[in-house]
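Chemist: Going by the working numbering, the sequence shown opens with residue -10, and the numbers climb by one from there. Backbone N, C-alpha and C fix where the C-beta goes; we use that ideal spot for every residue, glycine too. On a predicted model such as this, the values are computed, not experimentally measured, just so you know.
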Amino acid sequence: MTTTIPKGSTVLVTGINGYIASHVADQLLLAGYKVRGTVRSISKGEAVKAALEARHPGANIPIVAVADMAQAGAFDEAVKGVSGIAHVASVVSFDEDPNNVIPEVIAGVKSILISAATEPSVKSFVYTSSSTAAVKPVSNKRFTVDSNSWNEEDIEAAHKPPPYDGRAFTVYSASKAEAEKAVWGFVKEQKPSFITNSILPNCNFGEIFVEGQASTGGFLKAIYEDYGKPIPDGFSWRTIPPRKQSVSLLKGFITDDILEWFVDVRDTARLHIAALIFPDVKNERIFAFAEPFNYDDIFKIIEEVRPGHKLPENTHNPEDRDLSEVSEKPRAEELLKRFGRSGFASLHDTVKEVIEAL
-10 MTTTIPKGST VLVTGINGYI ASHVADQLLL AGYKVRGTVR SISKGEAVKA ALEARHPGAN
50 IPIVAVADMA QAGAFDEAVK GVSGIAHVAS VVSFDEDPNN VIPEVIAGVK SILISAATEP
110 SVKSFVYTSS STAAVKPVSN KRFTVDSNSW NEEDIEAAHK PPPYDGRAFT VYSASKAEAE
170 KAVWGFVKEQ KPSFITNSIL PNCNFGEIFV EGQASTGGFL KAIYEDYGKP IPDGFSWRTI
230 PPRKQSVSLL KGFITDDILE WFVDVRDTAR LHIAALIFPD VKNERIFAFA EPFNYDDIFK
290 IIEEVRPGHK LPENTHNPED RDLSEVSEKP RAEELLKRFG RSGFASLHDT VKEVIEAL
């Protein structure tokens, strides 16, 4: 099979210590590629380097420190000699002030694109966007999400005058939307020599193989073990331990009755690989949306796997659903089948696997 970048070449994964990024690196290694990672400081990369090298004996994963991705030239050294780039790093502080998040995320995207454009070895670039760049989750309403969809509602809301209280998720969504728009703006204006694609993952569940990662990947463990435990007063997002960060995120999602789609994190990672290596995947927004869910679905699966286990009170109406239709889903499924998959992993199988491993 002809690929955009040859097996054995090196792919840069930014923010490699993150949940999705670590899986992107894992799938790249499985596919026969070498991996180089960036982190804000070398110490932050030690755990993921050890975990990945243990999973792939013989692999050597260099880690490069990029302390401030928004600085011009921040990625110049990191991109040298790489054939592909997966830009997964972002700001996940959930700061409510848009001025502390959005400019940095956009500047980081522009910085790495400029570095990539000046490095002749780069043939393929993929940006990790988010489902929230395309759509604001809405319950019990039918509408279609496609490659032309943008979450303009959160972009506008994020930039409204202060006070900024209650905008954490709105600001995050706007940062992903505006950064992805910056990617496509760069491609249109600068016409770089490399192929560019973006991945829009929804709510990722699945294996966490790097201790201490905090994200939606921790939701299932939080529901199973930690949800009922209080978060200490006075703790900010940056000082809450990673497990408690997952609980905090989860409580925010449940309190706001956010309904959305699930995707197994390994499928999200495989779609990154597809965007990097398949020559016919060009200038695409690839939607990692497996199936819609609500938390009643998750509770039922946990109860099936662990009968009698005490779970938090479920106050959701099981009839509340995300009724959106994702017109680009068949394209993502077709790409997954090229990896020998039947399509997306199911919510049931992923939740069951995670809970059985606890």
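Measuring CA to CA, which of 313, 319, 334 is closest to residue 130?
Modeler: Among 313, 319, 334, the Cα nearest to that of residue 130 is on 313.
Chemist: Can you check DSSP and say which residues form a bridge with residue 274?
Modeler: DSSP lists 187 as partners of residue 274.
Chemist: Could you spell out where the beta strand (DSSP E) holding residue 2 opens and where it closes?
Modeler: Unbroken beta strand (DSSP E) run through residue 2: -1 to 3.
Chemist: Helix, strand or coil: which one does DSSP assign to residue 208?
Modeler: Three-state result, residue 208: helix.
Chemist: What runs of the alpha helix (DSSP H), each 4 residues or longer, lie entirely inside the segment 60 to 141?
Modeler: Taking only runs of at least 4 residues, the alpha helix (DSSP H) segments lying wholly in the segment 60 to 141 are 91 to 106, 120 to 123.
Chemist: For residue 288 versus residue 303, is the C-beta distance shorter than 8 Å?
Modeler: Yes, they are a contact pair.
Chemist: Pairing CB atoms from the segment 94 to 109 with CB atoms from the segment 62 to 72, are three or more of them under 8 Å?
Modeler: Contact between the segment 94 to 109 and the segment 62 to 72 is present, because at least three Cβ pairs lie under 8 Å.
Chemist: Within the present structure, is the beta-carbon of residue 168 separated from the nearest heavy atom of the ligand SAM by less than 7 Å?
Modeler: No copy of the ligand SAM occurs in the structure displayed, which carries no ligand at all.
Chemist: Just list the residues that DSSP pairs residue 26 with in beta bridges.
Modeler: Its beta-bridge partners are 2, 52.
Chemist: For residue 172, which of 213, 110, 96 has the nearest alpha-carbon?
Modeler: Of the candidates 213, 110, 96, the one whose C-alpha sits nearest the C-alpha of residue 172 is 96.
Chemist: Near residue 80, which residues of its chain fall below 6 Å by C-beta distance, leaving aside the five closest residues on each side in sequence?
Modeler: Only 90, 93, 94 meet the Cβ criterion.
Chemist: Is there contact here, the segment 116 to 128 with the segment 180 to 193, by at least three beta-carbon pairs under 8 Å?
Modeler: Cβ pair count under 8 Å is three or more, so yes.
Chemist: Locate the alpha helix (DSSP H) running through residue 160, then write down its first and last residues.
Modeler: Note, residue 160: alpha helix (DSSP H), 157 to 179.
Chemist: Under 8 Å between the Cβ atoms of residue 311 and residue 250?
Modeler: Against a cut-off of 8 Å, the Cβ pair of residue 250 and residue 311 comes out as a contact.
Chemist: Based on the DSSP output, what are the partners of residue 253 in its beta bridges?
Modeler: For residue 253, which the question treats as bridged, DSSP gives the partners 194.
Chemist: Helix, strand or coil: how does DSSP classify residue 282 here?
Modeler: Note: residue 282 maps to strand in three-state DSSP.
Chemist: Check whether the Cβ atoms of residue 72 and residue 33 sit closer than 8 Å, and answer yes or no.
Modeler: Not a contact, by the Cβ cut-off of 8 Å.
Chemist: Return the first residue and the last residue of the alpha helix (DSSP H) that residue 19 is part of.
Modeler: Counting along the chain, the alpha helix (DSSP H) containing residue 19 begins and ends at 8 to 19.
Chemist: Is it true that the CB of residue 213 sits closer than 8 Å to the CB of residue 52?
Modeler: No, the Cβ-Cβ distance between residue 52 and residue 213 is not below 8 Å.
Chemist: Could you check which residue in 316, 296, 279 has the C-alpha nearest to that of residue 334?
Modeler: Here the closest residue by C-alpha is 279.
Chemist: Does the distance from the C-beta atom of residue 157 to that of residue 108 stay below 8 Å?
Modeler: Not in contact: residue 157 and residue 108 (Cβ atoms no closer than 8 Å).
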